[in-house]
Each structure stands twice: as C-alpha cells, then as structure tokens.
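Trainee: Residue 510, in UniProt numbering, is where the sequence shown stops; the numbers in between run on with no holes.
Glycine included, every Cβ here is placed at the ideal spot set by N, Cα and C.
Can you read through this structure? Questions will come right after.
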Amino acid sequence: MVHVRVFSATVIGIDPVLVEVEVIIDNQGFPAFNIVGLADKSVDESKERVRAAVKCLGYDFPDRRITVNLAPAELHKRGSIFDLPIAIGVLLSSSQIKAELDGSMFVGELSLDGRIKAVSGVLPIVIFAKTKGFKSIFIPGSCSKEASIISEINIFASDSLKAVCDHLLDIKPIPKLSGEKLEDLLKEEAFFGEDISEVYGQEKAKRALEICAAGGHNLSMFGPPGSGKTMLSRSLPSILPAFTVDECLEVTKIYSIAGHLLNKEKPILTKRPFRSPHHTTSLPGLIGGGSPPAPGEVTLAHRGVLFIDEFSEMPRYLIEALRQPLEDGYISISRSLGRVVFPSRFVLIASFNPCPCGYLGDEKNKCRCTPYEILSYQKKLSGPILDRIDMFVDVKASDASDITSENKGEKSKKVRERVQRARDTQSRRFLASNLKISCNAEISPSQIKKQCPLETSEMNFLKNAMNSFKFSLRTFHRVIKVSRTIADLSDSEKIKTEHIAEALQYRIKI
1 MVHVRVFSAT VIGIDPVLVE VEVIIDNQGF PAFNIVGLAD KSVDESKERV
51 RAAVKCLGYD FPDRRITVNL APAELHKRGS IFDLPIAIGV LLSSSQIKAE
101 LDGSMFVGEL SLDGRIKAVS GVLPIVIFAK TKGFKSIFIP GSCSKEASII
151 SEINIFASDS LKAVCDHLLD IKPIPKLSGE KLEDLLKEEA FFGEDISEVY
201 GQEKAKRALE ICAAGGHNLS MFGPPGSGKT MLSRSLPSIL PAFTVDECLE
251 VTKIYSIAGH LLNKEKPILT KRPFRSPHHT TSLPGLIGGG SPPAPGEVTL
301 AHRGVLFIDE FSEMPRYLIE ALRQPLEDGY ISISRSLGRV VFPSRFVLIA
351 SFNPCPCGYL GDEKNKCRCT PYEILSYQKK LSGPILDRID MFVDVKASDA
401 SDITSENKGE KSKKVRERVQ RARDTQSRRF LASNLKISCN AEISPSQIKK
451 QCPLETSEMN FLKNAMNSFK FSLRTFHRVI KVSRTIADLS DSEKIKTEHI
501 AEALQYRIKI
C-alpha cells in the first residue's frame, strides 16, 4: 500500500480552508472506490469523473480498493473542486507518476475527457495558498486571469490533466503565470454611471450625495414620482472614491467565490459595486442563503452601493433583514451544517414615495390617499431602520426654470476630486490612530470622542438639537459622523457649528 497526500482547499463563506486529500490503494479486498471525510453528493460524483478522465488520457485506473480521505473529517465538503487533487493522488498512489508535492496545492474540476474546468473561489484560494507558505498552486486555465494579479507564488494554469502530469514528470513544464500588477490595473478609469450634472436642479440632493460618497453614509430620498430620485441615485457611482488595493482584493474575492469572475476579461473589479435589486427580491437573494450559503445582494454590494428603488414597497421582513448589515457591516447565516459570515459594508441608497399615490406634500398634485393608507404605508419603515439611515432628503419635483436652465451644475469629476480628498483625509486620520476602517461611517461609538471631538459650544448646540428633536443615541452619533464628513469636505480640522447645522437638516423624516 502506498499512502499519498495531496493538498487542496475549499471555501466556507468567503474564507478558504485547507483540505488534505489522502489516497491509499489496497491490494486486498474487493475492488472499490470510496471517498470519506463528510463529502456530499457532488464530491462523491467525482469518482466517476476521475475514473473516466484517467482512462481517457491513457493511464490505467487501478482495479483495486481505493480509499480517498478528505481531511479534516468534521468539515463538510461540497463541489467539484477536489477532482484534480483526487486524480493526482490516484496516479501517484498507483506509481504511474512520481513527484514531490509537499509545497504544491491543486484545485479544479475534471471533465470526462480529462479537461480541467473552472471552479469558483480561485482568487481567495491562491491568496490563501500564498499566506500558508505553499510554493506553487495548479489551477484551471480559465481561471488564470483572476489569479494572475497575485505574486510571490508559482501559479500554473492548465486546461488538461495530461498537461499537469507532463509537468510533474518534467516532460513539458507549464509556464508560470504572470500578469499585471494590481496597482497598475487600479490606475484605469474606474468610474461609471450618470454624470451628476445631467440631473436638473436638486442641489440639496446632490450635496447629500457628495456627503454620502465622502463619508460612506446611508441616504434615503423620498418625493413624488418623476422628481429625479432614481437618476440621482444612479449618478452616485460617478462620484465615489477610487478603490484602495485592500478594498479591491476584498471585493474581487467575493465576486470570485460567487462565480461572477468566470470568463471575464478583467482579472479584478476596478469599479465599486453598484447593486440595485428589485423590491420583490427574495430573502436569500437579498442577504444570502441557500445550501451551500451563497452571498446575497448586501454582500455583492460590499464596499460599494446598494440601491433599492421603491424601498417602502418591499415586504416588511425584507426591510428588517437589513438591520444587521447596516449596523455591523456583516451578515451571519446559520444553517444545519454550520454558520457562515459574509461582509456587507455598503452604502444604502433608499428611494421611495411618501405615500401610495406618491403625491403627499407635493405642491403641484393633490394626494389621493386616505390617512389610514398613508399610515399603513409609512409603518413599513420601522424606527430601528430609520435610525440606521444617516441622511434623509425630500426631493421635490423640478420646475420649468431648472429644466430650461443652461447651468447644469458641477461635473462628476470635480465633485469626485473633493470626495477623494476627504477620503484621503480620513485615511490619514485613521492610520494615525491605528484604526482599520475606511470612512467616517465606520467609526464606532467608542471611537467617536477621539475621531470626532467637539468643543463646548458645538456640543451644547448638538445637545439642544437632540433634546428638541428627541434623537436617539444612535442618531446622535450618526449626526456627529456626518458632521465630521462635512468638515472633511471643507478641509476643516475641527467640527464647527455650521457643519453640525448642515448635518441636522438631513434628519428630516417623512
């Protein structure tokens, strides 16, 4: 009996886990091919794929008792990612190939003719292999683009099992994968969306979007139909700050795990995500779920924007499901086979009408709703949800003078420069305090006094507002953080009364 150990990995949530594929071929007993180690149906089916692939390439498949163990045994294994390491293990254990694999990792699905097919999650697995000290990793050729941005590890991308075997036998080496540096890819123009100058009028809403982009604050816009809420929201990506290297890798890893990078021309996401799920989406579609748990829209919007149009039309249970990601920046999903945590640090842009007909408070059209209908409609937005939104803007319908005016306002590029400057200021401040956060919205209550200090006059002004408007402590903290962002946009080291006053005007509720 020859015992062989081949290293592979799988992804739980967004975190890779090391898996040891142990193969042993026993000359005694009836011929069999067994896979143990808490493998599900998709892993068990790999027996037939591996058998067919090995035979198709001209190798002998041992007609003996083959046992494959996937360790650790207590970890539930899913998917076809272990096909390649199992095949290599069988060929090594049967002495048909000889190689030293202690510093190598293998991932990939096999087709019946020996081709290596793409699997999701290659990027985080390559990064994981590098951090664990592996010298090389073998991946599917179709996943080469996303893996090419990682350096300091030998990456071999191949489309066939035969090519991998020839490489291990030193018959025909596979060229090492090399690609562009991540920093160079991020220099490309990464901004998209409607130019904010294309929105007529709405200067207050545009200012709110600028603050929202600069500080990562959640924003709610309400107003009558046709007032420009959707167009304003879709212009936000054009003024968002550029990705940092860490943010880019973090988001690209999520999209790799979700399978959204397969067959893409670019190896990374250079643009911040902008997700706009329909208000009739399902709960797993919004927050994630399924078996195995897959990331939902709140995770796919990580480090970007989650735009929900007709927010108040969503079922109440969907709106309430946003509580945890809005407050904590992650979503925890528990299932019978375990618990996974997905990151969900996004900017929420919620737009809705103030009543079912949409014209409550409108100067041009009369509201047709009864008081009961208005109350029922507005009760969908609970106090805890409204408390987690930093800013509210009443978007009035534009008049004729706004539409015919030749002065469209500032271009997105100019606004984006101010936003980027404010983000850079925040980054320097967080770095000086050794905080691993990226924007003012992420400042925790325990950090507010140090990151957003207020002098006596400013504190008294804010306390009076808190008592007058009956703010909760959470709202109190959010007003301070918005004030800090406004100060950053003004290049002011101190938070002044004028900054607090502007932040307070965005606490208007429907």
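From residue 93 to residue 257, what distance separates their C-alpha atoms?
Mentor: About 31 Å.
Trainee: With respect to the alpha helix (DSSP H) encompassing residue 268, which residues constitute its N-terminal and C-terminal limits?
Mentor: It is not in any alpha helix (DSSP H) - residue 268 carries neither H nor E in the DSSP assignment.
Trainee: To which residues of the same chain is residue 296 closer than 8 Å at the C-beta, ignoring the five residues directly before and after it?
Mentor: Hits under 8 Å: 284, 285, 286, 287, 288, 289, 331 and 342.
Trainee: In whole angstroms, what is the alpha-carbon distance linking residue 233 and residue 154?
Mentor: Their backbone Cα atoms lie some 43 Å apart in a straight line.
Trainee: Express the C-alpha separation of residue 254 and residue 292 in angstroms, rounding to a whole number.
Mentor: Between residue 292 and residue 254, the C-alpha separation is close to 15 Å.
Trainee: I'd like to know whether the C-beta atoms of residue 10 and residue 75 end up nearer to each other than 9 Å.
Mentor: In contact: residue 10 and residue 75 (Cβ atoms closer than 9 Å).
Trainee: Is it true that the CB of residue 146 sits closer than 9 Å to the CB of residue 252?
Mentor: Cβ distance < 9 Å, so residue 252 and residue 146 count as in contact.
Trainee: Would a C-beta distance cut-off of 9 Å place residue 70 and residue 20 closer than the cut-off?
Mentor: Against a cut-off of 9 Å, the Cβ pair of residue 20 and residue 70 comes out as a contact.
Trainee: Assuming contact is defined by CB atoms lying nearer than 9 Å, are residue 136 and residue 103 in contact in what I supplied?
Mentor: It is a contact, given that the beta carbons lie within the stated cut-off.
Trainee: Work out the CA separation of residue 144 and residue 83 for me, nearest whole Å.
Mentor: When rounded, the distance between both Cα atoms is 18 Å.
Trainee: What is the DSSP secondary structure of residue 26, reduced to helix, strand or coil?
Mentor: DSSP places residue 26 in strand when its eight states are reduced to three.
Trainee: Assuming contact is defined by CB atoms lying nearer than 9 Å, are residue 469 and residue 354 in contact in what I supplied?
Mentor: No.
Trainee: Would you call the segment 153-173 and the segment 368-384 touching, i.e. three or more CB-CB distances under 8 Å?
Mentor: Contact fails: fewer than three Cβ-Cβ distances are below 8 Å.
Trainee: Secondary structure at residue 459, three-state DSSP: helix, strand or coil?
Mentor: If DSSP states are grouped into helix, strand and coil, residue 459 belongs with the helices.
Trainee: Three Cβ pairs or more, each shorter than 8 Å: is that satisfied between the segment 352-368 and the segment 194-209?
Mentor: With a cut-off of 8 Å, the segment 194-209 and the segment 352-368 do not count as touching, because too few Cβ pairs lie within range.
Trainee: CB-CB under 7 Å to residue 29, same chain, minus the five flanking residues each way: which ones, in chain order?
Mentor: The answer, listed in chain order, is 65.
Trainee: For residue 336, name the three-state secondary structure that DSSP assigns.
Mentor: Coil at residue 336, not helix or strand.
Trainee: Between residue 465 and the ligand ATP, is the CB less than 8 Å from at least one heavy atom?
Mentor: In the structure shown, the ligand ATP is absent, as is every other ligand, since no ligand is present at all.
Trainee: Evaluate contact between the segment 430-438 and the segment 471-481, counting only Cβ atoms and requiring at least three cross-stretch pairs below 8 Å.
Mentor: The segment 430-438 is not in contact with the segment 471-481.
Trainee: Tell me whether the beta-carbon of residue 159 lies closer than 9 Å to the beta-carbon of residue 141.
Mentor: Against a cut-off of 9 Å, the Cβ pair of residue 141 and residue 159 comes out as a contact.
Trainee: What are the boundary residues of the alpha helix (DSSP H) that includes residue 325?
Mentor: Unbroken alpha helix (DSSP H) run through residue 325: 323-328.
Trainee: Can you tell me whether residue 146 is helix, strand or coil according to DSSP?
Mentor: Residue state, collapsed to three classes: helix.
Trainee: Inspect the beta-carbon positions of residue 347 and residue 236 and report whether they are closer than 9 Å.
Mentor: Result yes, Cβ atoms of residue 347 and residue 236 sit closer than 9 Å.
Trainee: With distance defined between alpha-carbon atoms, name the residue in 204, 179, 110 and 165 nearest to residue 409.
Mentor: Answer by Cα proximity: 204.
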